[in-house]
Amino acid sequence: MNNIQNDSGKNTQIIFKSPDGILVDCNSFYTVIDLMSVGIILIRRSVGIVYANKYASAMCGYSNEEFKSSAWLDDPDNSDIKKLLIHICKKDNPDNNHTVCLRKKNGNILWISLNCQPVPSENTDDLIQLI
Numbered sequence: 000m001n002n003i004q005n006d007s008g009k010n011t012q013i014i015f016k017s018p019d020g021i022l023v024d025c026n027s028f029y030t031v032i033d034l035m036s037v038g039i040i041l042i043r044r045s046v047g048i049v050y051a052n053k054y055a056s057a058m059c060g061y062s063n064e065e066f067k068s069s070a071w072l073d074d075p076d077n078s079d080i081k082k083l084l085i086h087i088c089k090k091d092n093p094d095n096n097h098t099v100c101l102r103k104k105n106g107n108i109l110w111i112s113l114n115c116q117p118v119p120s121e122n123t124d125d126l127i128q129l130i
């Protein structure tokens, strides 16, 4: 990942480069996806989940930190989504649509439909968004 200086003079990481050549830093990207009324989870192939937006957190009951820790994947009811995340991280071109069962933090079961989309990046460690 490249670093640039933001408006306040601090170094910030570039998360991706838009098709128009605009460099977007992590904080700006996270701010935008937090405003969306759809759950979005970002996965970096080498580390797993790196961010879950506020809607995903509210829908599932897990905080961003809990999503990133992946401890919630140890629940046997979340085995399908765990297998899917491993599959997505190993594939060069992940399949687009998946329907999986997820146990919410409160114990309720939620069936979710996931659409996997690569995020354009200059980094070889691809970023994938699940919507």
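130 is the number that numbering that gives the first Met the number 0 gives the last residue of the sequence shown; the numbers go up by one with no jumps. For each residue, glycine too, the CB sits at the ideal point set by N, CA and C.
Of all the options the options, which has the alpha carbon lying nearest to the alpha carbon of residue i?
i	options	result
Lys103	Pro117, Ala57 and Tyr50	Ala57
Gly31	Ile111, Tyr50, Arg44 and Leu113	It is Val, not Gly, that sits at residue 31 in the sequence shown. Considering only alpha carbons, the answer is Tyr50.
Asn63	Asn105, Arg44 and Asp33	Asp33
Determine, using beta carbons only, whether residue i and residue j come nearer to each other than 8 Å.
i	j	result
Asp76	Ile108	yes
So, under 8 Å CB-CB, residue i and residue j are touching, yes? Tell me the CB distance rounded to an integer number of Å.
i	j	result
Ile39	Asn26	Wrong, their Cβ atoms sit about 15 Å apart, outside the cutoff.
Phe54	Ser36	In the sequence on display, residue 54 carries Tyr and not Phe. Contact holds; Cβ gap of about 6 Å.
Val99	Ile80	5 Å
Lys67	Ile48	5 Å
Taking just the CA atoms, how far does residue j sit from residue i?
i	j	result
Asn95	Pro117	10 Å
Leu84	Phe28	22 Å
Trp71	Cys59	10 Å
Cys115	Lys82	14 Å
Ser112	His97	6 Å
Trp110	Ser78	13 Å
Asn105	Ser69	16 Å
Glu65	Val46	14 Å
Run the CB neighbour count on residue i, radius 10 Å, all protein chains shown included, and call it buried at 16 or more, exposed below.
i	result
Asp6	Because Asp6 sits at a pLDDT of 45, beneath the cut-off of 50, its placement in the model cannot be relied upon, and the following sentence gives the value as read from the coordinates. It counts as exposed.
Leu101	buried
If we cut at 8 Å on Cβ distances, does residue i have a partner in chain B?
i	result
Leu83	Looking at the structure shown, chain B is missing, and only one protein chain is on hand.
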